[in-house]
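So the sequences go chain by chain: A and B.
For the first sequence, my numbering assigns the number 53 to the initial residue and increments by one for each residue that follows.
For the second sequence, my numbering assigns the number 53 to the initial residue and increments by one for each residue that follows.
Note that beta-carbon positions come from the ideal geometry of N, C-alpha and C, so glycine has one too.
These numbers were taken from a predicted model, which means no experiment stands behind them.
Protein chains: 2
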Amino acid sequence: MSDATPRRPARRRMSRAERERQMLDVAEDVFGERGYQATSMDEIAERCGVSKPMLYEYFGSKDGLLVACVGRSKAELLDVTQKAMAGATTPEDILSRGMVAYFEFMDAHSKSFAMLLREPMAASAETIEAVESTRRQQSTLIAGVLAMFAPSAPAGAVEAYTEIIIGASERLAQWRTRRPEVSAQEAARHMTDFCRHGLSPYLPDAGEAGPAPR
Amino acid sequence: MSDATPRRPARRRMSRAERERQMLDVAEDVFGERGYQATSMDEIAERCGVSKPMLYEYFGSKDGLLVACVGRSKAELLDVTQKAMAGATTPEDILSRGMVAYFEFMDAHSKSFAMLLREPMAASAETIEAVESTRRQQSTLIAGVLAMFAPSAPAGAVEAYTEIIIGASERLAQWRTRRPEVSAQEAARHMTDFCRHGLSPYLPDAGEAGPAPR
DNA sequence: TCGCGTAACCTACTTCCGGTAAGTTACCGA
DNA sequence: TCGGTAACTTACCGGAAGTAGGTTACGCGA
Chain A
53 MSDATPRRPA RRRMSRAERE RQMLDVAEDV FGERGYQATS MDEIAERCGV
103 SKPMLYEYFG SKDGLLVACV GRSKAELLDV TQKAMAGATT PEDILSRGMV
153 AYFEFMDAHS KSFAMLLREP MAASAETIEA VESTRRQQST LIAGVLAMFA
203 PSAPAGAVEA YTEIIIGASE RLAQWRTRRP EVSAQEAARH MTDFCRHGLS
253 PYLPDAGEAG PAPR
Chain B
53 MSDATPRRPA RRRMSRAERE RQMLDVAEDV FGERGYQATS MDEIAERCGV
103 SKPMLYEYFG SKDGLLVACV GRSKAELLDV TQKAMAGATT PEDILSRGMV
153 AYFEFMDAHS KSFAMLLREP MAASAETIEA VESTRRQQST LIAGVLAMFA
203 PSAPAGAVEA YTEIIIGASE RLAQWRTRRP EVSAQEAARH MTDFCRHGLS
253 PYLPDAGEAG PAPR
């Protein structure tokens with residue numbers, strides 16, 4: 053009556069690499085569902101069909117697990133955005149394609165990335181550093197594009213503009229999680245329009261075009 | 053040898069309002085120093101010269117305490133930015149003064165606000181909501197300005213631009229914590245320049261001015 | 001096909017911290 | 001001076017991160 057099923061259907065042994073990938077998949081899901089704080093290592097372990105010490109064997113700590121998740125996505129994000137920008141020629145096109153790829157990546161990882169943008173926090177300096185490192189990676193990409201197409205811009209401005217673009221992109225990505233009817237293309241268009249001309253088309257003429265004076 | 057001092061110098065009774073203010077001051081400090089996660093309620097209690105249950109008496113939970121801190125700053129931020137913008141007339145001036153006030157506010161609360169921007173997360177939905185509420189407050193302010201000076205802009209764009217400005221501001225504020233040599237005025241100027249004309253002054257002509265086509 | 005080394009895995013614990021129940025002290029007004 | 005109440009405390013609970021040490025099963029050579 054009791055154990056007609058030996059109760060060991062899903063629990064099979066796996067190689068290190070295989071188990072590691074599974075753990076990362078599960079962790080990304082659970083972190084995305086519950087948020088970092090509310091996620092317990094026991095739950096991740098259980099969903100993996102494995103006991104808690106295995107997670108510590110593989111990732112050292114709860115932070116370590118999150119950092120590993122971030123690290124995996126980081127590589128993917130760079131790959132996706134770089135490939136998207138590769139085909140373009142004009143600055144507008146580069147920015148536009150890059151932004152579309154960025155927003156589409158966020159769609160694919162919406163749950164877990166929304167968490168990262170919303171709550172990078174909780175955790176250790178290491179986690180923050182991992183997220184910042186992802187930002188730096190994207191910043192480098194953007195700064196390169198800016199330097200290439202706007203060689204006349206002062207260095208300080210390039211750096212500031214890079215930060216502006218990063219911050220704006222992340223905020224727009226979060227906004228889209230609350231406004232799912234806004235497509236990745238629309239969001240990217242808002243972004244490129246704003247970057248291209250800023251608010252000048254809508255403002256009363258006060259100084260016309262040309263590099264900002266003073 | 054042991055207790056020549058009766059060891060009760062700071063520990064005095066206080067009225068509810070007085071104690072509450074002190075707790076918020078201490079909590080803002082400690083959260084700013086250690087980050088949310090790494091801060092223990094015991095430490096805040098000790099620094100207040102009071103026992104832990106008092107904190108729970110006053111704020112209900114660790115989250116509640118953080119939310120109260122955020123709430124207090126929220127009012128101050130709105131006040132400061134609104135007052136700064138009051139004297140201006142042109143859109144550029146409004147934006148510029150608002151941004152300077154914002155960055156100066158961040159300087160004054162640098163530790164704790166850097167934490168909020170860096171790690172809004174850790175905590176509950178309530179905490180996130182408190183931070184988002186602060187953003188909404190500032191968004192309303194910005195959207196109002198946009199609507200007033202750019203009535204021709206489509207509604208969808210206004211909303212998106214508001215998000216862009218919020219995200220960009222926060223990111224620039226964080227950037228300044230790593231680049232202390234950048235003054236609030238400089239950062240504000242980068243922001244206003246970018247908003248006014250975007251990248252167009254630096255880009256090769258591809259379509260001139262006018263509202264973004266397509 | 002038998003054994004044996006090792007990599008995958010588990011049970012059972014400690015510690016730390018958020019949160020709470022129930023009791024104690026000191027101020028204030030009558 | 002004395003009682004009521006607001007401010008405050010000690011001493012605890014439960015849950016989750018992290019760990020020590022032992023166990024199982026798979027691969028592989030003889």
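query: Residue 143/B, buried or exposed, once every other Cβ within 10 Å from all chains shown has been counted against 16; result: buried
query: Euclidean distance between Cα positions of residue 119/B and residue 163/B; result: 16 angstroms
query: Proximity below 8 angstroms, CB of residue 153/B to CB of residue 136/B; result: yes
query: Residues that residue 247/A contacts on chain B, provided the C-beta gap is smaller than 7 angstroms; result: 250, 251
query: DSSP three-state assignment for residue 105/B, whether helix, strand or coil; result: helix
query: Cβ of residue 223/A within 8 angstroms of any chain B Cβ; result: yes
query: Coarse secondary structure for residue 229/B, derived from DSSP in three states; result: helix
query: Distance, residue 229/B Cα to residue 170/B Cα; result: 11 angstroms
query: Proximal residues to residue 139/A (C-beta, below 6 angstroms), its chain only, five neighbours per side dropped; result: none
query: Residue 86/B, enclosing alpha helix (DSSP H) - first and last residue; result: 68 to 86
query: Neighbourhood of residue 78/B by C-beta, 8 angstroms cutoff - its chain only, sequence neighbours within 5 removed; result: 96, 99, 100
query: Residue range of the alpha helix (DSSP H) that includes residue 249/B; result: 236 to 249
query: Residue 236/A versus 156/A, 90/A, 141/A, residue with shortest Cα-Cα distance; result: 156/A
query: Assigned secondary structure, residue 162/B (DSSP; H/G/I helix, E/B strand, else coil); result: helix
query: 7 angstroms Cβ shell around residue 107/B - same chain, five flanking residues per side excluded; result: 75, 93, 96, 97, 117
query: Per-residue burial, residue 65/A [other beta carbons within 10 Å of its own, 16 or more giving buried]; result: exposed
query: Option nearest residue 268/A by Cα separation, candidates 202/A, 238/A, 124/A, 160/A; result: There is no way to answer for residue 268/A, as the model of chain A reaches only from 53 to 266.
query: Option nearest residue 224/B by Cα separation, candidates 89/B, 240/B, 147/B; result: 240/B
query: Presumed contact (8 angstroms Cβ cut-off) between residue 214/B and residue 151/B, rounded CB distance; result: Between residue 151/B and residue 214/B the Cβ distance is about 14 angstroms, and since that is not below 8 angstroms, they are no contact.
query: Simplified DSSP assignment, three categories, for residue 219/B; result: helix
query: Inter-residue spacing [alpha-carbon to alpha-carbon] between residue 103/A and residue 91/A; result: 15 angstroms
query: Near the ligand SAH: residue 148/A beta-carbon under 7 angstroms from a heavy atom; result: No copy of the ligand SAH occurs in the structure displayed, which carries no ligand at all.
query: Chain B within 8 angstroms of residue 170/A, Cβ atoms only; result: yes
query: Pairwise C-alpha distance: residue 160/A and residue 219/A; result: 20 angstroms
query: Contact residues within the segment 199 to 233 of chain B, judged by C-beta distance below 7 angstroms to chain A; result: 201, 202, 204, 205, 209, 212, 213, 215, 216, 218, 219, 220, 222, 223, 224, 227
query: Assigned secondary structure, residue 190/B (DSSP; H/G/I helix, E/B strand, else coil); result: helix
query: Residue 89/B: first and last residue of the uninterrupted alpha helix (DSSP H) it sits in; result: Where residue 89/B is concerned, there is no enclosing alpha helix (DSSP H), given that its DSSP letter is neither H nor E.
query: Nearest to residue 89/A (by Cα), restricted to the options 192/B, 195/B, 115/B, 209/B; result: 115/B
query: Beta carbon of residue 122/A nearer than 8 angstroms to that of residue 192/A; result: no
query: Sequence-distant residues of the same chain with beta carbon closer than 8 angstroms to residue 211/A, five excluded per side; result: 195
query: C-beta neighbour in chain B for residue 161/A, strict 8 angstroms; result: no
query: Near-chain B residues of the segment 88 to 101 of chain A (beta-carbon distance less than 9 angstroms), N- to C-terminal order; result: 88, 89, 90
query: Beta carbon proximity, residue 194/B to chain A, threshold 8 angstroms; result: no
query: Alpha-carbon to alpha-carbon, residue 238/A and residue 231/A; result: 12 angstroms
query: Residue interval of the alpha helix (DSSP H) (run including residue 127/B); result: 114 to 138
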